[in-house]
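Take a look at the structure below.
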Ligand code: IMP
Ligand code: MG
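In the working numbering, the protein residues as written are 1 to 189.
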């Protein structure tokens, strides 16, 4: 028997996501009037980045970085796609989909600091504080969320669901078991 439809919930609809991008874009614009390098972490942050930069008329550069987890319990990360831009003496803001344990963000901030950035800060659409393992300073936050897996607006489960226009929560077992059926149900919301 399939569980009730209300095992699916919309966390942030497109209008709410747009409002977050507008608010954070405004804060970044105010804090970096002379320009900034936005370093977006692939792939989850792409929708957020696309909305964010369009709320930031003014000097800015964009770059991308991809990391991959490895090792015992996937607790170590390495660079699989490096930056193209030189960040020495630049003000850099890292843009992420979600900060969970904080391991990814801590690694990124250290990497960018080692490259000689003048300043670093972090901007995340979502903050799941309850699972933090490393203390990290997150200056720009879209929304603090509870300990549940979210998909859509760039965020995935096993590379699926990134193209849903809203951020949604659904049962992880179901999302894995029946991705096509679940995509249809989520997209109908
Ligand atoms: P952290 O190193 O534990 O903070 O991991 C953050 C990364 O895990 C994010 O950049 C996401 O790619 C991924 N992630 C964590 N939680 C979720 C989620 O609920 N949905 C999709 N991806 C997630
Ligand atoms: Mg992922």
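All C-beta atoms in this analysis are idealised placements derived from N, C-alpha and C, irrespective of residue type, glycine included.
Legend entry - Touching by the beta-carbon criterion (3+ pairs, under 8 Å), the stretch 176-189 and the stretch 21-35: no
Legend entry - Span separating the alpha-carbon of residue 39 from that of residue 103: The residue you call residue 39 lines up with position 39 of the chain shown. The residue you call residue 103 lines up with position 103 of the chain shown. Take the alpha-carbon of residue 39 and the one of residue 103: they are about 17 Å apart.
Inset, instruction - For the alpha helix (DSSP H) containing residue 112, list its first residue and its last residue. - result: Counting from one through the chain shown, the residue named residue 112 turns up at place 112. Start and end: 103-114.
Inset, instruction - Run the proximity test for residue 147: is its beta-carbon closer than 7 Å to any non-hydrogen atom belonging to the ligand IMP? - result: As a first step, residue 147 is located in the chain shown; it is residue number 147 there, counting from the start. No, since every heavy atom of the ligand IMP falls outside the 7 Å radius drawn around the Cβ of residue 147.
Inset, instruction - May I ask you to report which of helix, strand or coil DSSP gives residue 119? - result: Here residue 119 refers to the residue found at position 119 of the chain shown. Residue 119: strand per DSSP, three-state reduction.
Legend entry - Three-way DSSP call (helix, strand, coil) for residue 133 in this model: Here residue 133 corresponds to residue number 133 of the chain shown, with the count starting at 1. Assignment of residue 133 by DSSP, reduced to helix, strand and coil, places it in the coil class.
Inset, instruction - Taking only heavy atoms of the ligand MG into account, decide whether any of them is closer than 7 Å to the Cβ of residue 154. - result: In the chain shown, the residue the question calls residue 154 occupies position 154. Result no, Cβ not under 7 Å from the ligand MG.
Legend entry - Contained beta strand (DSSP E) runs [length at least 3] in the stretch 27-108, N- to C-terminal order: The qualifying runs are 37-42, 61-70, 76-81, 91-99.
Inset, instruction - Within 10 angstroms of the Cβ of residue 173, are there 16 or more other Cβ atoms? Answer buried if so, exposed if not. - result: Taking the first residue of the chain shown as 1, we reach residue 173 at position 173. Exposed, since its Cβ has fewer than 16 Cβ neighbours within 10 Å.
Inset, instruction - Report whether the distance from the Cβ of residue 98 to the nearest heavy atom of the ligand IMP is below 7 Å. - result: For the purposes of this step, residue 98 is taken as residue 98 along the chain shown, with counting starting at 1. Inclusion of residue 98 in the 7 Å shell around the ligand IMP follows from its C-beta lying nearer than that to a non-hydrogen atom of the ligand.
Legend entry - CA-to-CA distance, residue 134 to residue 110, given in whole angstroms: Start at 1 with the first residue of the chain shown, and residue 110 comes out as number 110. Start at 1 with the first residue of the chain shown, and residue 134 comes out as number 134. Distance between the alpha carbons of residue 110 and residue 134 is about 13 Å.
Inset, instruction - Could you tell me whether the Cβ atoms of residue 41 and residue 11 are closer together than 8 Å? - result: Within the chain shown, the letter at position 41 stands for residue 41. Within the chain shown, the letter at position 11 stands for residue 11. No; because the gap between Cβ atoms is not below 8 Å, this pair is not in contact.
Inset, instruction - Using 7 Å as the cut-off, classify the Cβ of residue 150 as near or not near the heavy atoms of the ligand IMP, replying yes or no. - result: Position 150 of the chain shown, counting from 1, holds the residue named residue 150. Yes, since a heavy atom of the ligand IMP falls inside the 7 Å radius drawn around the Cβ of residue 150.
Legend entry - Pair within 8 Å by beta-carbon distance, residue 166 and residue 189: Sequence index remark: in the chain shown, residue 166 carries index 166 (1-based). Sequence index remark: in the chain shown, residue 189 carries index 189 (1-based). Against a cut-off of 8 Å, the Cβ pair of residue 189 and residue 166 comes out as a contact.
Legend entry - Every unbroken beta strand (DSSP E) within the stretch 129-178, with a cutoff of 3 residues, ordered by chain: 140-144, 167-169
Legend entry - Nonlocal neighbours in the same chain, by C-beta distance under 6 Å from residue 69, ignoring five residues either side: Locating residue 69 in the chain shown gives position 69, where the first residue counts as 1. Taken in chain order, the residues that qualify are 77.
Inset, instruction - Determine which residues share a DSSP beta bridge with residue 124 and list them. - result: Your numbering for residue 124 matches position 124 in the chain shown. DSSP lists 96, 141 as partners of residue 124.
Inset, instruction - Using alpha carbons as the reference points, say which of 15, 100, 169 lies closest to residue 8. - result: Taking the chain shown and counting its residues from 1, the one referred to as residue 8 is at position 8. The shortest C-alpha separation from residue 8 is found at 169.
Legend entry - Nearest residue (CA-CA) to residue 86, options 80, 96, 62, 106: Mapped onto the chain shown, residue 86 falls at position 86. 62 is the residue among 80, 96, 62, 106 whose C-alpha sits nearest the C-alpha of residue 86.
Legend entry - DSSP bridge partner residues for residue 189 (one or two, in chain order): For the purposes of this step, residue 189 is taken as the residue at position 189 of the chain shown. Note: residue 189 sits in no beta bridge, so no partner.
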